[in-house]
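All remarks here apply to the structure that follows.
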Amino acid sequence: MAPQRFHEQFDQIQRSMPDIPLALGPDDASEFIYEKGVVLARDGRDAAFVEETVRTHFTEATGLTGDRVRRDSPETNRSGITRIRVGDPGHGDRRGDRAVTHALRAMSEREGRAGHRLVSRNHVVSIAVNSCPGDEPVPAALSQGTNPAPAEAGYDADTAAGVLVVDNGLTHDHALVPLLAHVDGDLHGTETDAAGNLLQYVGHGTFIAGVLAAVAPNTDITVRSTLNDAGAILESELGEKLFEAVADGWPDIISLSAGTSNGRPDGLLGLDAFMQELRAHGTLLVAAAGNNASASPFWPAAYAELPEYQGVVLSVGALRGDGEFGACFSNHGSWVDVYAPGERLTSALTGFDAPVPYLYQHSTYEACRYGFTYVCTCQSPSHVGVLSEDGSTAKPDQVMFEGYAHWSGTSFATPVVAGLVAAHMTANKETDPRAARQQLLATNTQFAEVRGAHVPALKPAGWRPVPVVQRPVGT
């Protein structure tokens, strides 16, 4: 993806986590963001072993000190993970963390002998860590309705599927949208800055709930504000938050439109305990494949390819607006189970009670539709904008949101698929979401082309293709 775009996203997340110094990894390759000065290990014997091994290595190594190596969290945590401080988080810059790098190297040989993973960076899990392109919502006319359009099925409290959306909460006026009558959960909180500009990703959880409710009206949807720091959370905290989200009972389906790459084929250490408990319950995790335009595994979606989680996790990539090809931004590869419409969907956002002028930040998404060939790293077409046009001195465009918006991303392909699984459960009186997943994919006859590969695609009946217009470069 474009380094400039990634650094913009890094800045957004760092501002939302001012007390947590962050760095790019690995070696400024812009594949992920992680916390400086800290590594993760499993509670108990592994944590004690990592702490002692790293301290010894640092004491013996030139230019390092073992004085700072210590536990930085309780010895026992619900997530099963201990934070271990290995260095000064204020040392260095965003290009990496020497202490973390050496701590990982100190454990690499031991991991080989142990036969399992012992240590990890503390990655940032986000709605769009590497957002490529970084898309922002565009106001949509209420008269045009949603896309997908609401299915005709009714709501029955006795048979409704329970869906948990792990996201950034709901907008304050979401209850005024009839489509969201059976949606509850956490409010986002602060939605605009002092100038009345819409903060980044506000409405994301509401939009996803609207897509789900349109595809599967017979659902009880709960939206949590887990990802409320510019759509991000540390890996070490996400495991705890997921356990909190299911404390009152495991839902049929969890829809998660966030994740991170980590350069490894074996998942996220910080989610290990939750993923193992997920496997023991009947819940299906539907997870976004990510917007990096990459084939590298993106977690937790990529758990779908691990043998022990096949059938437990359903990973979702995004289709282009016409539904014939993969979206330019969508991650891809053998670990992606299915693709669904994810470009320029229309759903609920905010503004029903008192429309407010929000700052509209144009996105690099538009460049992919304007004929630029270097997909997802191109510059925006000529217009007045903010986020995608670093250095612009012109006054940003102002727009009015009156309820609906267009938005693009694997974030929104994910609830399409979660909704189709839920709708299948209702239509077939199937109470097992994992069985519904298998049945849905087995009977699916729709396909699309993604990077030259013939892949399964799920397109709800109420979805309307959006024409793809390629314009010459420079127009």
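The sequence shown finishes on residue 476 if you use our numbering, and the numbering steps up by one all the way, no holes.
For each residue, glycine too, the CB sits at the ideal point set by N, CA and C.
Compare the C-alpha of A423 against each of T54, P252, A305 and name the closest. Here residue 423 is taken as the residue at index 422 of the sequence shown, counted from 1. Taking each of T54, P252, A305 in turn and checking the Cα distance to A423, the smallest one comes out for P252.
Grab me the residues of D157's own chain with a C-beta within less than 7 angstroms of its C-beta, minus the 5 sequence neighbours each way, in chain order. The residue you call residue 157 lines up with position 156 of the sequence shown. So the qualifying residues of the chain are N219.
What is the DSSP secondary structure of D98, counted as helix, strand or coil? One-based indexing of the sequence shown puts residue 98 at position 97. Note: D98 maps to coil in three-state DSSP.
What does the alpha-carbon distance come out to for the pair R88 and D267? The residue you call residue 88 lines up with position 87 of the sequence shown. The residue you call residue 267 lines up with position 266 of the sequence shown. This sequence places Gly at residue 88; Arg is not what is there. Those two C-alpha atoms are separated by around 26 angstroms.
Going by the DSSP bridge assignment, what does P457 pair with across the sheet? Counting from one through the sequence shown, the residue named residue 457 turns up at place 456. Per DSSP, the beta-bridge partners of P457 are F448.
CB-CB length for R227 against A246, believed under 8 angstroms: Taking the sequence shown and counting its residues from 1, one reaches residue 227 at position 226. Taking the sequence shown and counting its residues from 1, one reaches residue 246 at position 245. According to the sequence displayed, residue 227 carries Thr and not Arg. That belief holds up - the Cβ atoms of T227 and A246 are roughly 7 angstroms apart, short of 8 angstroms.
Using a threshold of 7 angstroms, state whether the C-beta atoms of L315 and R465 are closer than that. If you number the sequence shown from 1, residue 315 lands on position 314. If you number the sequence shown from 1, residue 465 lands on position 464. Result no, Cβ atoms of L315 and R465 do not sit closer than 7 angstroms.
Taking only the alpha-carbon atoms, compute the straight-line gap between V287 and T66 and give it to the nearest angstrom. Taking the sequence shown and counting its residues from 1, the one referred to as residue 287 is at position 286. Taking the sequence shown and counting its residues from 1, the one referred to as residue 66 is at position 65. Rounded to the nearest angstrom, the two C-alpha atoms are 43 angstroms apart.
If you run the structure through DSSP and keep just helix, strand and coil, what is A273? Locating residue 273 in the sequence shown gives position 272, counting from the first residue. Per the sequence shown, residue 273 should be read as Asp rather than Ala. Helix.
Taking DSSP's pairing of strands, which residues face H407 in a bridge? Walking along the sequence shown from the start, residue 407 turns up at place 406. In DSSP, H407 forms a bridge with V139, T347.
What's the C-alpha gap between V320 and P342? In the sequence shown, residue 320 corresponds to position 319, counting from 1. In the sequence shown, residue 342 corresponds to position 341, counting from 1. Sequence inspection shows Leu at residue 320; the Val mentioned does not correspond to that position. Going by the C-alpha atoms only, they are around 5 angstroms apart.
Could you tell me the distance, in whole angstroms, from the CA atom of D174 to the CA atom of V417? Here residue 174 refers to the residue found at position 173 when the sequence shown is read from its first residue. Here residue 417 refers to the residue found at position 416 when the sequence shown is read from its first residue. So the two alpha carbons sit approximately 23 angstroms from each other.
Judging by CA-CA distance, which residue of P468, G463, V313, G206 is the nearest neighbour of L406? Residue 406 sits at position 405 when you count from the first residue of the sequence shown. Before going further, note that residue 406 is Ala rather than Leu in the sequence given. Distances from the alpha-carbon of A406 to those of P468, G463, V313, G206 put G206 closest.
CA-to-CA distance, H333 to D323, given in whole angstroms: Your numbering for residue 323 matches position 322 in the sequence shown. Your numbering for residue 333 matches position 332 in the sequence shown. For D323 and H333, the gap between their C-alpha atoms comes out near 18 angstroms.
CA nearest to the CA of W408, picked from R99, T432, T261, A349: By one-based count along the sequence shown, residue 408 stands at place 407. With distances taken between Cα atoms, W408 lies closest to A349.
Taking 8 angstroms as the cut-off, does the region 227–242 touch the region 430–437 (at least 3 CB pairs, one atom from each stretch)? No: the two stretches stay apart, fewer than three of their Cβ pairs being nearer than 8 angstroms.
Helix or strand or just coil, what does DSSP make of Q201? Counted from its first residue, the sequence shown places residue 201 at position 200. In this structure, Q201 counts as coil in the three-state DSSP scheme.
Is S364 helix, strand or coil when you go by DSSP? Within the sequence shown, numbered from 1, the residue matching residue 364 stands at position 363. Summary for S364: the model assigns pLDDT 41, below 50, so the residue's position carries little reliability, and this model does not support an answer.
Environment of K242 [buried if 16+ CB atoms lie within 10 Å]: Along the sequence shown, one-based indexing puts residue 242 at 241. With at least 16 other beta carbons inside 10 angstroms of its own, K242 counts as buried.
Which residues in the same chain have their Cβ closer than 8 angstroms to the Cβ of F448, if we skip the five residues on either side of it in sequence? Translated into positions along the sequence shown, residue 448 becomes position 447. Counting only Cβ-Cβ distances below 8 angstroms, and skipping sequence neighbours, we find H455, V456, P457, A458.
How about A42 and V120: do their beta carbons lie closer than 7 angstroms? Counting from one through the sequence shown, the residue named residue 42 turns up at place 41. Counting from one through the sequence shown, the residue named residue 120 turns up at place 119. Closer than 7 angstroms, so yes.
Per-residue DSSP class, three states only, for V216: Taking the sequence shown and counting its residues from 1, the one referred to as residue 216 is at position 215. It is helical.
Determine the contact status of Q15 and L25, defining contact as a CB-CB distance below 7 angstroms. For this step, residue 15 is matched to residue 14 along the sequence shown. For this step, residue 25 is matched to residue 24 along the sequence shown. No; because the gap between Cβ atoms is not below 7 angstroms, this pair is not in contact.
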